[in-house]
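As structure tokens, the structure follows; a few thoughts come after it.
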Amino acid sequence: MGGLGKQNSSYPSLPLSCPSLSHIDETNTQRKRGGQNLLTLRPRFQKSDQLKMQSNEAPVSMEVEPVPSKPSSASAALPPKPSFEPLKAHEMSDGRVQFRKVSVPPHRYSPLKKVWMEIYTPVYEQMKIDIRMNLKGRKVELKSRADTPDVSNLQKCSDFVQAFMLGFDVIDAIALLRMDELYVESFEIKDVKTLRGEHLSRAIGRLSGKGGKTKFAIENATKTRIVIADTKIHILGSFANIKVARDSLCSLILGSPAGKVYSKLRAVTARLAERF
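Just so we're aligned: the sequence shown equals residues 67 to 342 in the working numbering.
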């Protein structure tokens, strides 16, 4: 027993920090597995590089033969497109007859009798609108017909008759039937300035001038027609021309002398002539 103890003491003892054999075996197996993983990863990187190279290459064009399209049986069986004629004036209103009535003031009853045929002829023959005078109601009645070429003819004829009732001559008012951009604008002197008594009379005198000189000068310069009926003023013309004439009349109502209005009117009309 004593000899065995001496032999054991001659071998060096393992240090405490030395790894055991089982631990060494585990590290060796992990290294082997890591080597296999590296081997398996290399082909993946190689495949991704090959894909990048292929994507950078120019795309290969593919030739496709055109296939002749055959007309479908459904489209061949469709009927041709229908062609409809434009609707007539009486068909737009579902065949209903349209009316307009224009009242005749007492002071225009006698002038209407004198020029009735001059009003009747263009309305009935050219515009294809029926017109009659209702003696009992003292109104001019207008009615559309089946052969009326345009729906707006009825309203044009109504404006034409209304312009005559306001005091315009038939020769001037008939322009409403021929031109679309004309209309009538009306206003009163009290809308511009409140005047009473002799002040109102002097304002009306400034508007007309001696023998109508001022009124005619404004009409010729602005290419409009002006009617001064007591304290009411009616202007017939286009939009731009009515504005110029109205500004001149308002200046006269406010008290400007006629000479100053003439000079301003010349400048404005010259500017309008250059524009057009």
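We put the CB at the ideal spot given by N, CA and C, even for glycine. Since the structure is predicted, the reported quantities are computational estimates derived from the model, not experimental observations.
N- and C-terminal bounds of the beta strand (DSSP E) containing M245: Taking the sequence shown and counting its residues from 1, the one referred to as residue 245 is at position 179. For M245, there is no enclosing beta strand (DSSP E), as DSSP marks it with neither H nor E.
Confirm, please, whether the CB-CB distance from L273 to L315 is below 8 Å. In the sequence shown, residue 315 corresponds to position 249, counting from 1. In the sequence shown, residue 273 corresponds to position 207, counting from 1. Result yes, Cβ atoms of L315 and L273 sit closer than 8 Å.
Cα separation between K259 and I319? In the sequence shown, residue 259 corresponds to position 193, counting from 1. In the sequence shown, residue 319 corresponds to position 253, counting from 1. Going by C-alpha positions, K259 is about 7 Å away from I319.
Compute the minimum distance between the beta carbon of Q164 and the heavy atoms of the ligand NAD, and state whether it is under 7 Å. In the structure shown, the ligand NAD is absent, as is every other ligand, since no ligand is present at all.
Once the 5 residues before and after K269 are set aside, which same chain residues still bring their CB inside 7 Å of it? As a first step, residue 269 must be located in the sequence shown, where it is residue number 203. Lys is not the amino acid found at residue 269; the sequence shown has Ala there. Only I255, L261, I319 meet the Cβ criterion.
Sequence-distant residues of the same chain with beta carbon closer than 6 Å to A311, five excluded per side: For the purposes of this step, residue 311 is taken as the residue at position 245 of the sequence shown. Same-chain partners within the cutoff: I284, T288, T290, I301.
With H, G and I counted as helix, E and B as strand and the rest as coil, what does DSSP make of G303? Residue numbering aside, residue 303 sits at position 237 when the sequence shown is read from its first letter. Here G303 sits in strand by DSSP.
Could you say which of H173, S159, F230 lies nearest to Y186 if we only look at CA atoms? Looking up residue 186 in the sequence shown gives position 120. Cα-wise, what sits closest to Y186 is F230.
If you check the beta carbons only, do R174 and S224 fall under 8 Å apart? Translated into the one-based positions of the sequence shown, residue 174 becomes position 108. Translated into the one-based positions of the sequence shown, residue 224 becomes position 158. Cβ atoms of R174 and S224: not closer than 8 Å.
Give every residue of the same chain whose Cβ lies closer than 7 Å to the Cβ of I308, excluding the five residues on either side of it in the sequence, and list them in chain order. Your numbering for residue 308 matches position 242 in the sequence shown. Within its own chain, the residues whose Cβ lies closer than 7 Å to the Cβ of I308, once the five positions on either side in sequence are excluded, are E251, T290, I301, listed in chain order.
Between V41 and V206, is the Cβ-Cβ spacing less than 8 Å? What the structure shows of the chain is the stretch from 67 to 342, and residue 41 is not part of that stretch, so it cannot be assessed.
Would you mind stating whether T297 and L266 have Cβ atoms separated by less than 8 Å? The residue you call residue 297 lines up with position 231 of the sequence shown. The residue you call residue 266 lines up with position 200 of the sequence shown. Contact flag set, yes.
Of the choices Q192, S176, D238, whose alpha-carbon is the least far from that of S210? Position 144 of the sequence shown, counted from the first residue, corresponds to residue 210. Minimum Cα-Cα distance from S210 among the listed residues Q192, S176, D238 corresponds to Q192.
Between which two residues does the alpha helix (DSSP H) holding S210 run? Here residue 210 is taken as the residue at index 144 of the sequence shown, counted from 1. Membership of S210 in any alpha helix (DSSP H) is not indicated; the residue belongs instead to the beta strand (DSSP E) covering 205-210.
So, helix, strand or coil for V189, using DSSP? Start at 1 with the first residue of the sequence shown, and residue 189 comes out as number 123. Helix at V189.
What does DSSP give as the partner residue(s) for M199 in the beta ladder? Against the sequence shown, residue 199 aligns to sequence position 133. Looking at the DSSP assignment, M199 forms a beta bridge with V206.
Helix, strand or coil, according to DSSP, for I319 in the structure here? Walking along the sequence shown from the start, residue 319 turns up at place 253. Here I319 sits in helix by DSSP.
State the Cα-Cα distance for the pair D216 and T335, rounded to the nearest angstrom. Sequence index remark: in the sequence shown, residue 216 carries index 150 (1-based). Sequence index remark: in the sequence shown, residue 335 carries index 269 (1-based). Rounded to whole angstroms, D216 to T335 spans 35 Å at the Cα level.
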